Amino acid sequence: MGLTEISLRRPVAMCSLIIGLTILGITAYRTMPLEFFPKLDLPYMTVIVPYPGSTPEDIEIDIAKRVEDAVSSVDGLKHIVSVSMDNMCQVLLEFNTGVDVDVAANDVREKLDLIVNDLPSGADRPYVLKFDINAVPVVTLALTGELSREDLFDYADNYLRDRLTAIPGVAEVQLVGGEQREVQVQLDRDKLSAAGLTSLQVVEAIQKGVLAVPAGRIRDAGSEYNVRFDAEYRQVKDLGDLVIRGEQGARVHLRDVARVVMTTGEARQIADLDGKPAIAVRLIKKADANAVEVVNQTRRTVESLRNELPGGMRLEWVEDYGSFVQAAVDSATWNVYAAIALTALILFLFLYNIRSTLIVAVTMPLTVLIGLFFISLAGFSLNMSTLLAISLSTGILVTNSIVVLESIVSRLNELGDPREAARLGARDVGVAVLASAGTNIVVLFPIATMRAQVGQFFAPFAWTMLILTAVSLFISFTLTPILCSRWLRVNRSGLLALLDRAWNGALGGLAGVLVRFLRFLEHNRVVSGALMALVIALFVHSLKVGGDVGFAFFPEADRGVVFIKLEYPTRYDLETTRQRVEAIKQKLADIPGRIHTLTTIGKVEGVIGMSNEGVNLAQILVTFPQRTERELTIEDYKAMVQDRLAGYAEAVVTVTQPATIGGQASDVEVDISGEDRERLETLAVALQRALQAHPGFRSPDTTVRVGKPEIRIRPDRVTLLDLNLPAYAMGLTLRANLEGITAGVYKERGRNYDIVVKLDEREGRGQVGSFQFPGMPGQGLTLEGLGTVEDRVSPVRIIRKDKIRISKLYADLDPKYPLGTAVEEIRRIMRDEIGLPMGYHLGFPGQYEILEESNQAFAEAGFIAVVLVYLTLAAILESFFLPVLIMLTLPLGL
71 MGLTEISLRR PVAMCSLIIG LTILGITAYR TMPLEFFPKL DLPYMTVIVP
121 YPGSTPEDIE IDIAKRVEDA VSSVDGLKHI VSVSMDNMCQ VLLEFNTGVD
171 VDVAANDVRE KLDLIVNDLP SGADRPYVLK FDINAVPVVT LALTGELSRE
221 DLFDYADNYL RDRLTAIPGV AEVQLVGGEQ REVQVQLDRD KLSAAGLTSL
271 QVVEAIQKGV LAVPAGRIRD AGSEYNVRFD AEYRQVKDLG DLVIRGEQGA
321 RVHLRDVARV VMTTGEARQI ADLDGKPAIA VRLIKKADAN AVEVVNQTRR
371 TVESLRNELP GGMRLEWVED YGSFVQAAVD SATWNVYAAI ALTALILFLF
421 LYNIRSTLIV AVTMPLTVLI GLFFISLAGF SLNMSTLLAI SLSTGILVTN
471 SIVVLESIVS RLNELGDPRE AARLGARDVG VAVLASAGTN IVVLFPIATM
521 RAQVGQFFAP FAWTMLILTA VSLFISFTLT PILCSRWLRV NRSGLLALLD
571 RAWNGALGGL AGVLVRFLRF LEHNRVVSGA LMALVIALFV HSLKVGGDVG
621 FAFFPEADRG VVFIKLEYPT RYDLETTRQR VEAIKQKLAD IPGRIHTLTT
671 IGKVEGVIGM SNEGVNLAQI LVTFPQRTER ELTIEDYKAM VQDRLAGYAE
721 AVVTVTQPAT IGGQASDVEV DISGEDRERL ETLAVALQRA LQAHPGFRSP
771 DTTVRVGKPE IRIRPDRVTL LDLNLPAYAM GLTLRANLEG ITAGVYKERG
821 RNYDIVVKLD EREGRGQVGS FQFPGMPGQG LTLEGLGTVE DRVSPVRIIR
871 KDKIRISKLY ADLDPKYPLG TAVEEIRRIM RDEIGLPMGY HLGFPGQYEI
921 LEESNQAFAE AGFIAVVLVY LTLAAILESF FLPVLIMLTL PLGL
């Protein structure tokens, strides 16, 4: 070939080029990001609208429906899923594949800006989060010690968070287990009533009396002075001097009706590490950051921070994602090294030439290194897709190099001239090598251009193999002939020549047996037909067996972490949940190999449709050594946990391992859609019970939960009109009494603290009816005279998909039970055993939806690949193709 001729005539120039590309490849390897997944642009985003103090029913009507209507006209939108829960609305937007998520996010923000003024006054402004599979939690820490939770959280929030956020590659630092400090004005109910005041009046007094106003500037004799009105207080205790009311000389100070203290907000989350109070610290990396480098930088920062911590504090390392990624990369890299070594050994067994073995041992690593430069140039990182491609490409690299090398060795044995043998040997097999590489290219190219979601995972894989194939061709016709012309010698005698003849004789004997078998088939049509029938039968059977293999979009990796999610009845408060969790932790204390147990109450990880915040929720994270450091698998540990918690009826218990994309996930996800919420819940529960009796399904669960007790106050509008008392004033007073209202800001030592007004906390639901409201001058009214108090049950969450209410079911599968079979079984159960009413529908989002898209994408790519392979073979091997076809069909007499 021309490339070989140039290389042999200009070996120094060609070697210089290869050395330069190799150096660039080494540099690329050192700078390429290490990730588990390739860089993806999945078309998902989430709209979050906090609405403190609201119920799911209020959020569905006032927020969820308005957000759905606003964003439904965005181009490329595929599905809308809204989850209305206490205090918050989450809307998941799924777009069609190929939609530019950045452009779509801007369109969504513009649509939301149009409805901001239509949202309830107590709702926060909506914010949009783009989903990025690589922006995952990479490190989990715990700040613990002998100090109180308040002191731990204050240090973590104001000092530790800033230091960790400054680490290159860290996008966010999440804290779980505490609340921010604030100045609380705790109103004494009796004193407030005696003074004829309400909590809302105290709020208004603070808003008007604690403030700073920049008044402007004045000039005097060429100088300029800023004028500032300062009505703020310098010490917390001085806030008590604020006059709330001063009519007719009778002044009522804040200290007369309230206690002003610096404290923390109401505890809605707590955490502990190995039984001691702690603040859980989770580091979220940026999407394009190197996970391993972020973890290593964090380790160095944590070591530095440990020397700076105040007395009584400890910063513990719980688990990290970087070790898992590094282990995966090291394993894949070791496989490449092993493949190169085994290839060289096998080549030696066939050629018995140490020099040829060294040639392969040199060219194969150089091919990988040069390929890394072009892989980096294409914008790919080192991840499971690219590393898997590099490992599998070793066979292609070997094929090209061995074919060229074997041809050169054969020519060398004939001619005895290494340079001429290299030139002729490479020329002889040029067409065959191009044909082999060409078929690989035409198979991979359709995969590289797939547009479905699965295409974003396989495109880096296919492009990496294409790059390495091209580099392999380049090395096979340049460096391999150069090295052969310089290193190879003829083995005409000696031990290696004797072994070579013995080995070739044995192979020749096997070849003779195969030839005699083929001749037997040629003369025995019955046996040939039976053999062809057997092949066809095996092919048909393989299609059936292939359907039983199963499917999972994300591989389950053993990271040495087990999640235990506990969902208690919605009526539980934080302290009750904590007490119940303590009993669970005692059952898990003797699990062998346990390193840390991190417990969080009030916030857990989950998937869309499942609650992840609430005082009735708890999560226990148990860490174990890395897989290479223990004998038991993560499935063994999960089985241990499930055995210890078997029969625990106080909570819905879910034992999982971290999903590859972070958080927790299930194998099967089912949507049941319809208008009647009660009917949906009935169908979901019936399906759950049916799956519990099915051996292929594990731990089926639904989004159906017993509602949360609620006290609803309905105002007497006629009485309010007579008293000239607006309904909103009554509602704000209730909020100030219970949740508290931020009335101002207190500044101290460069920090701002909210001033929150609320009644002193007491137990008892009967207190609601005795709340005071403003009435006639000097007189107060209780809530009982202004409205009615009703007891009712509020739903825990309301889920809507494409503007229709749904109930969801989740289940894990037995490892031997395929996803496709599970879906068909669910459809059969709903059709034959339960009965799906008219107007209600089943949907299977998640992995099954991706499975269908993947099957279609691979079918299209496979069809294109087959056509391209035949066209390539016909073009390159037209003189050889027809005789081969005739030879294959000759035994059957066709």
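Once you know that position 820 of the sequence shown is 890 in this note's numbering, the rest is easy, because the numbers rise by one and skip nothing.
Note that the Cβ used here is the ideal one computed from N, Cα and C, for glycine as well.
Predicted model only: the values in this text are computed from it and were never measured.
Is T698 helix, strand or coil by DSSP?
Note: T698 maps to helix in three-state DSSP.
Closest to K148 by C-alpha separation, out of L343, L163 and E645, would be which residue?
The shortest C-alpha separation from K148 is found at L163.
Check whether the Cβ atoms of K778 and R648 lie closer than 8 Å to each other.
Result no, Cβ atoms of K778 and R648 do not sit closer than 8 Å.
Neighbourhood of V597 by C-beta, 8 Å cutoff - its chain only, sequence neighbours within 5 removed:
Cβ-Cβ distances below 8 Å link V597 to F590 and L591 in the same chain, with the five nearest sequence neighbours on each side left out; the list follows chain order.
What residues in its chain sit with their C-beta under 6 Å from that of T333, if we drop five residues either side in the sequence?
The answer, listed in chain order, is Q254.
With H, G and I counted as helix, E and B as strand and the rest as coil, what does DSSP make of P103?
Coil, per DSSP.
Does G855 come out as helix, strand or coil in the three-state DSSP assignment?
Helix at G855.
Run through the segment 737-803 for me and flag every whole alpha helix (DSSP H) of 4 or more residues, listed as ranges in chain order.
Complete alpha helix (DSSP H) runs here, min 4: 747-762 and 787-792.
Whole-angstrom distance between V206 and G630, CA atom to CA atom:
Rounded to the nearest whole angstrom, the CA to CA distance from G630 to V206 is 17 Å.
Can you name, in chain order, every residue of its own chain whose Cβ lies under 7 Å from the Cβ of V144, other than the five neighbours on each side?
Cβ within range, chain order: A174, D177, V178 and K181.
Take G857 and list the residues in its own chain whose beta-carbon comes closer than 6 Å to its own, dropping the five residues that flank it on each side.
Same-chain partners within the cutoff: I783, R784, P785 and D786.
Excluding the five sequence neighbours on either side, which residues of its own chain have a C-beta within less than 8 Å of the C-beta of S461, listed in chain order?
Answer for S461: A402, N405, V406 and A409, listed in chain order.
Could you give the C-beta distance for A688 and V674, rounded to a whole number, given that I count them as a contact under 8 Å?
Contact between A688 and V674 holds: their C-beta atoms lie close to 7 Å from each other, under 8 Å.
In whole angstroms, what is the alpha-carbon distance linking F418 and T235?
The alpha-carbon of F418 is positioned some 54 Å away from that of T235.
Comparing alpha-carbon positions, which option in V169, I96 and S142 lies nearest P113?
Out of V169, I96 and S142, the CA that lies nearest to the CA of P113 is found in V169.
Grab the span of the alpha helix (DSSP H) containing E645 for me, first residue to last.
Where E645 is concerned, the enclosing alpha helix (DSSP H) stretches over L644 to L658.
Taking the alpha-carbon of L94 as reference, which of I445, R897 and Y638 has the nearest alpha-carbon?
Per the Cα distances, I445.
Taking a contact to mean a Cβ-Cβ separation below 8 Å, would you say L353 touches V208 in this structure?
In terms of Cβ geometry, L353 and V208 form a close pair [threshold 8 Å].
With a cut-off of 8 Å, do at least 3 Cβ pairs link the segment 299-310 to the segment 814-830?
With the cut-off at 8 Å, the segment 299-310 and the segment 814-830 touch.
In the DSSP assignment, what residue or residues form a beta bridge with I634?
Per DSSP, I690 and V725.
By how many angstroms is the C-alpha of A763 removed from the C-alpha of Y391?
Taking the straight line from one Cα to the other gives about 37 Å.
Taking the Cβ atom as the reference point for each residue, do Q14 and I314 lie within a distance shorter than 8 Å?
No statement about residue 14 is possible, as the shown extent of the chain runs from 71 to 964 and does not include it.
Status (buried if at least 16 other CB within 10 Å, exposed otherwise) for A359:
Looking at its Cβ environment, which holds 16 or more other Cβ atoms inside 10 Å, A359 is buried.
Of the residues G441, S471 and I661, the one placed nearest L715, counting alpha carbons only
Nearest C-alpha to L715: I661.
Residue range of the alpha helix (DSSP H) that includes N176
V171 to D183 is the extent of the alpha helix (DSSP H) around N176.
If you reduce the DSSP assignment to three classes, tell me which class E138 lands in.
Three-state result, E138: helix.
Would you say T368 lies against chain C (beta-carbon separation less than 8 Å)?
Given the protein chain composition of this structure (a single chain), no chain C is represented.
Could you tell me the distance, in whole angstroms, from the CA atom of G679 to the CA atom of S152?
Residue confidence is low: G679 scores 46 on pLDDT, short of 50, so the model does not pin down where it sits. Its coordinate-derived value is still stated next. About 8 Å.
For the ligand GTP, is there a heavy atom less than 7 Å away from the beta-carbon of I118?
In the structure on display, the ligand GTP does not appear, and there are no ligands present to speak of.
Completely contained alpha helix (DSSP H) runs for the segment 881-915, where each covers 4 or more residues
Runs of the alpha helix (DSSP H) lying entirely within the segment 881-915 and spanning at least 4 residues, in chain order: 889-898.
Decide if Q244 is buried, meaning its Cβ has at least 16 other Cβ atoms within 10 Å, or exposed.
By the C-beta density criterion, Q244 is exposed, having fewer than 16 other C-beta atoms within 10 angstroms.
For a test of the three-state rule: what should DSSP assign to T427, helix, strand or coil?
T427 falls in the helix class under three-state DSSP.
Beta-carbon proximity list for L91, same chain, < 7 Å, skipping 5 on both sides
Counting only Cβ-Cβ distances below 7 Å, and skipping sequence neighbours, we find I440 and F443.
Per DSSP, H323 forms a beta bridge with which residues?
V313.
Starting from L452, trace the alpha helix (DSSP H) in both directions and tell me its first and last residue.
That residue, L452, is in no alpha helix (DSSP H); it is neither H nor E in DSSP.
Cutting at 8 Å between CB atoms, please list the residues of its own chain near A140, excluding the five before and the five after it.
So the list reads K181, L182, L184 and I185, once near-sequence residues are dropped.
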